[in-house]
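Visitor: In our numbering, the protein residues as written are 819 to 1489. Virtual Cβ for every residue (Gly too), placed ideally from N, Cα, C. Just so you know, these numbers come straight off a predicted model, no measurement behind them. My questions all concern the structure below.
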Ligand SMILES: [Zn+2]
């Protein structure tokens, strides 16, 4: 028996007038043989300037074919250029005021017990309390309600395709977990957790003390490996809390054994009834790992790959985050449910978690650069094989496929290989990798060529990205900035740094705080539990913060650190979910990014510091500095200039009008 989370429909939104108008105009387009076929390849983080440079250098010949026959240009990104926000602009044709996604992280002021700054949560999904449940012995079984709900509001553009009878397939559309289930086939992408409900946590077993002494590894678990007589007994943990125990929560694990060859750099891994022989430096195929929630009654099925990092000298065994197994998915990752499995049967098991390129493993020193690039290539091989399979069996309509490698690899490699002034750049170490990012672009150029060679002449091919890229040199701690500029007070004995969650902040005299990468909130009376700012003083305080932020200069460079400030009511135009958002979105100058430490309520001693992390590239700054790309195989009937008006333009190809495009503010019913 497997556990299946019930799918909760997207909260009701009303765009009645628009829907009605679209339905009428769609009827004239119809679904007959005249409806065009459209393929959209969504390449997260494909940078406009680099794409142009590589086309001009003759290195992207298939992109050039598109440019010559159709169009090529920058695509305006979202406020703020974070992927969940940007893709939601594309999906709904609205800005954050409508679709309700403003930052990777939001804060929940209603969750109990109340926190002065709210409970931080990932913005794309929201957990809701489990409803009615049946208690049986020491276990409970949820019968109704759902645990995870999509928190992106608005009507996805493919609703209008469905209304017009046009078949659609959407593979890994971001911010679509659980899938809305409107298209003929949907596989969820960004926002999809691993089996344990996290964004993906690797496990690493090591005999190297320097490895497992690292404390508090975010995004992974590093455990010491005790090897006795050449045998290592390990356990993978899917859930650290078993949701099905009423009383004491306990961990849910799957055991495995590793037998190390005494003579050769080889090991045998036994998990369940599966046996794997791995050479040092070799990856295993996907294997299943079963976790018992209720002994003999209920188990959930996961999938993992092992990577035998080393057996000579120190032992090191990496295990991928435990995936929701596409061959036996325990929760809704596709629509219909069988679609995820069909893909797995066609081209093999695959990563189902969001953003599977393991940037955490390289950040924690578990992977070196080569190992990271190998793992990223494994993810790419899966998505490419799936795309080719879908293209081959596609009978027309609308096909969207998302690719995340360019974004994730650029996050690690951009600053290190494209910016000699990056604080972490070391010529001898990083120069050998200078071709990594351009060759990744060339790989997608090959995929475009593959598609062009196979598609019919009347098919429209669209290549798009959600934002560009740049080198992230300096980290800006917004909370420290607020403190040093008199907007955030500390209790008398508190000294900086503050590690996280605003420990030691004096909320009784604090006016503003930051949760998330670019988001500022006022400590508003009547809204925040310990609010100090009178609602009547809000507007003036926002303008004062804007002036102060724009006047901030990096003492190291003498350059401004913030080039745009967005005020919620002034700068977002769509309505319905504005209240979810921060009062201010900060548009950092290129090269400067909000620090990860500040995002969760940490304060450093200095406002600005060098970014010496392996995560050397970014795009979360003033949106005008990081446009995405739009390439089309023929001129669009109605040109698109931004993520927000692209879906409306694509629908126009089908004769469907009336989808939001940013030209007229849209108000959707408050959720
Ligand atoms: Zn990114």
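Could you tell me which residues DSSP pairs with residue 937 in its beta bridges?
Guide: For the purposes of this step, residue 937 is taken as residue 119 along the chain shown, with counting starting at 1. According to DSSP, which records beta bridges pairwise, residue 937 is partnered with 926.
Visitor: Could you pull the start and end residues of the beta strand (DSSP E) that residue 1239 belongs to?
Guide: Residue 1239 sits at position 421 when you count from the first residue of the chain shown. Careful: residue 1239 lies outside any beta strand (DSSP E) and carries neither H nor E.
Visitor: When DSSP labels each residue in this structure, what does residue 841 get in the three-state scheme?
Guide: Here residue 841 refers to the residue found at position 23 when the chain shown is read from its first residue. Caution applies to residue 841, whose pLDDT of 36 falls short of 50 and renders its modelled position unreliable; the value that the coordinates give is listed next. Helix, per DSSP.
Visitor: Apply the 10 Å Cβ neighbour rule to residue 1092 and answer buried if 16 or more other Cβ atoms are within range, or exposed otherwise.
Guide: For this step, residue 1092 is matched to residue 274 along the chain shown. Exposed is the call here.
Visitor: Among the residues of its own chain, which have a CB less than 8 Å from the CB of residue 1108, if the five just before and after it don't count?
Guide: By 1-based counting over the chain shown, the position of residue 1108 is 290. Excluding positions up to five away in sequence, the list reads 1072, 1090, 1117, 1118, 1119, 1120.
Visitor: What residues sit near ligand 1, counting only those whose C-beta is closer than 6 Å to one of its heavy atoms, in chain order?
Guide: Chain-ordered list of matching residues: 863, 901, 1225, 1229, 1437.
Visitor: Measure the C-alpha to C-alpha separation of residue 871 and residue 1454 and round it to an integer number of angstroms.
Guide: Position 53 of the chain shown holds residue 871. Position 636 of the chain shown holds residue 1454. The straight-line gap from Cα to Cα measures roughly 24 Å.
Visitor: In whole angstroms, what separates the C-alpha of residue 1201 from that of residue 1215?
Guide: On the chain shown, position 383 is the one that residue 1201 refers to. On the chain shown, position 397 is the one that residue 1215 refers to. The alpha-carbon atoms of residue 1201 and residue 1215 are separated by roughly 20 Å.
Visitor: Just to confirm my understanding: we take residue 1440, look at its own chain, exclude 5 residues before and 5 after, and list those with CB closer than 6 Å. What are they?
Guide: Within the chain shown, the letter at position 622 stands for residue 1440. Taken in chain order, the residues that qualify are 1381, 1382, 1405.
Visitor: If you check the beta carbons only, do residue 1426 and residue 1292 fall under 7 Å apart?
Guide: Sequence index remark: in the chain shown, residue 1426 carries index 608 (1-based). Sequence index remark: in the chain shown, residue 1292 carries index 474 (1-based). Yes, the pair counts as a contact, with Cβ atoms nearer than the cut-off.
Visitor: Quick one: what does DSSP say residue 903 is sitting in, helix, strand or coil?
Guide: Counting from 1 along the chain shown, the entry for residue 903 is found at position 85. Looking at residue 903 - three-state DSSP - the assignment turns out to be helix.
Visitor: May I ask you to report which of helix, strand or coil DSSP gives residue 1198?
Guide: Here the question's residue 1198 lines up with position 380 in the chain shown. It is helical.
Visitor: Run through the segment 1214-1297 for me and flag every whole beta strand (DSSP E) of 3 or more residues, listed as ranges in chain order.
Guide: You should have 1216-1221, 1277-1282, 1292-1294.
Visitor: In angstroms, rounded to a whole number, what distance separates the CA positions of residue 1364 and residue 1338?
Guide: For this step, residue 1364 is matched to residue 546 along the chain shown. For this step, residue 1338 is matched to residue 520 along the chain shown. Approximately 11 Å, taken between the alpha carbons.
Visitor: Between the alpha carbons of residue 1122 and residue 1371, how many angstroms are there, rounded?
Guide: Stepping through the chain shown from its first residue, residue 1122 is reached at position 304. Stepping through the chain shown from its first residue, residue 1371 is reached at position 553. The alpha-carbon atoms of residue 1122 and residue 1371 are separated by roughly 47 Å.
Visitor: Hey, out of 1452, 1189, 1219, whose CA is closest to residue 1275's CA?
Guide: By 1-based counting over the chain shown, the position of residue 1275 is 457. Selected option, being the one with the closest Cα: 1452.
Visitor: Beta-carbon separation of residue 1495 and residue 1223 under 7 Å?
Guide: With the chain covering only 819 through 1489, there is no way to say anything about residue 1495.
Visitor: Could you check if residue 1213 is buried or exposed, using at least 16 other CB atoms within 10 Å of its CB as the buried criterion?
Guide: Position 395 of the chain shown, counted from the first residue, corresponds to residue 1213. By the neighbour-count rule (16 or more Cβ atoms within 10 Å), residue 1213 is not buried but exposed.
Visitor: State buried or exposed for residue 1463, treating a residue as buried only when at least 16 other CB atoms are found within 10 Å of its CB.
Guide: Within the chain shown, residue 1463 is the residue found at index 645, counting from 1. Result: buried.
Visitor: Thinking C-alpha only, which one of 898, 1021, 1162, 1170 is nearest residue 1135?
Guide: The residue given as residue 1135 occupies position 317 in the chain shown. Ranking 898, 1021, 1162, 1170 by Cα distance to residue 1135 puts 1021 first.
Visitor: Does the structure place the segment 1126-1140 close enough to the segment 1008-1026 that three or more beta carbon pairs sit under 8 Å?
Guide: Short answer: they touch.
Visitor: Three Cβ pairs or more, each shorter than 8 Å: is that satisfied between the segment 1170-1182 and the segment 1035-1047?
Guide: Yes, the segment 1170-1182 is in contact with the segment 1035-1047.
Visitor: In whole angstroms, what separates the C-alpha of residue 896 from that of residue 976?
Guide: As a position in the chain shown, residue 896 is number 78, starting the count at 1. As a position in the chain shown, residue 976 is number 158, starting the count at 1. Their backbone Cα atoms lie some 20 Å apart in a straight line.
Visitor: Could you spell out the range, first to last residue, of the alpha helix (DSSP H) harbouring residue 1173?
Guide: Position 355 of the chain shown, counted from the start, is the residue given in the question as residue 1173. Segment: none, residue 1173 is in no alpha helix (DSSP H) and carries neither H nor E.
Visitor: Quick check on the burial criterion: 16 or more other C-beta atoms within 10 angstroms. Buried or exposed for residue 1344?
Guide: Position 526 of the chain shown, counting from 1, holds the residue named residue 1344. The residue is exposed, with fewer than 16 neighbouring Cβ atoms inside 10 Å.
Visitor: In the segment 960-996, which residue ranges form an unbroken alpha helix (DSSP H) of at least 4 residues, counting only runs that do not cross its ends?
Guide: Within the segment 960-996, the complete alpha helix (DSSP H) runs of at least 4 residues are 976-981.
Visitor: Would you give the residue range spanned by the beta strand (DSSP E) that residue 1116 belongs to?
Guide: What you label residue 1116 is simply residue 298 of the chain shown in a count that begins at 1. Taken as a continuous stretch (DSSP letters only), the beta strand (DSSP E) holding residue 1116 covers 1116-1122.
Visitor: Which residue comes first and which comes last in the alpha helix (DSSP H) that contains residue 873?
Guide: Mapped onto the chain shown, residue 873 falls at position 55. That run of the alpha helix (DSSP H) goes 866-874.
Visitor: State buried or exposed for residue 1475, treating a residue as buried only when at least 16 other CB atoms are found within 10 Å of its CB.
Guide: By one-based count along the chain shown, residue 1475 stands at place 657. Buried.
Visitor: Excluding the 5 residues preceding and the 5 following residue 892 in the sequence, name in chain order all residues of the same chain whose CB lies nearer than 6 Å to its CB.
Guide: Within the chain shown, numbered from 1, the residue matching residue 892 stands at position 74. Excluding sequence neighbours, residue 892 sits near 866, 1445.
Visitor: Thinking C-beta only, is residue 925 closer than 7 Å to residue 911?
Guide: Taking the first residue of the chain shown as 1, we reach residue 911 at position 93. Taking the first residue of the chain shown as 1, we reach residue 925 at position 107. Not in contact: residue 911 and residue 925 (Cβ atoms no closer than 7 Å).
Visitor: If residue 878 and residue 1225 are in contact, beta carbons under 8 Å, what's the gap, nearest whole angstrom?
Guide: By one-based count along the chain shown, residue 878 stands at place 60. By one-based count along the chain shown, residue 1225 stands at place 407. Actually they do not touch by this definition, with Cβ atoms about 18 Å apart.
Visitor: Count the other CB atoms within 10 Å of the CB of residue 1103; is the residue buried (16 or more) or exposed (fewer)?
Guide: Along the chain shown, read from residue 1 onward, the residue named residue 1103 stands at position 285. So residue 1103 counts as exposed.
Visitor: Extract the residue ranges of the beta strand (DSSP E) inside the segment 1084-1164, only unbroken runs of 3 or more that lie entirely within it.
Guide: Listed in chain order, the complete beta strand (DSSP E) runs (minimum 3 residues) inside the segment 1084-1164 are 1084-1089, 1092-1097, 1105-1112, 1116-1122, 1124-1128, 1134-1137.
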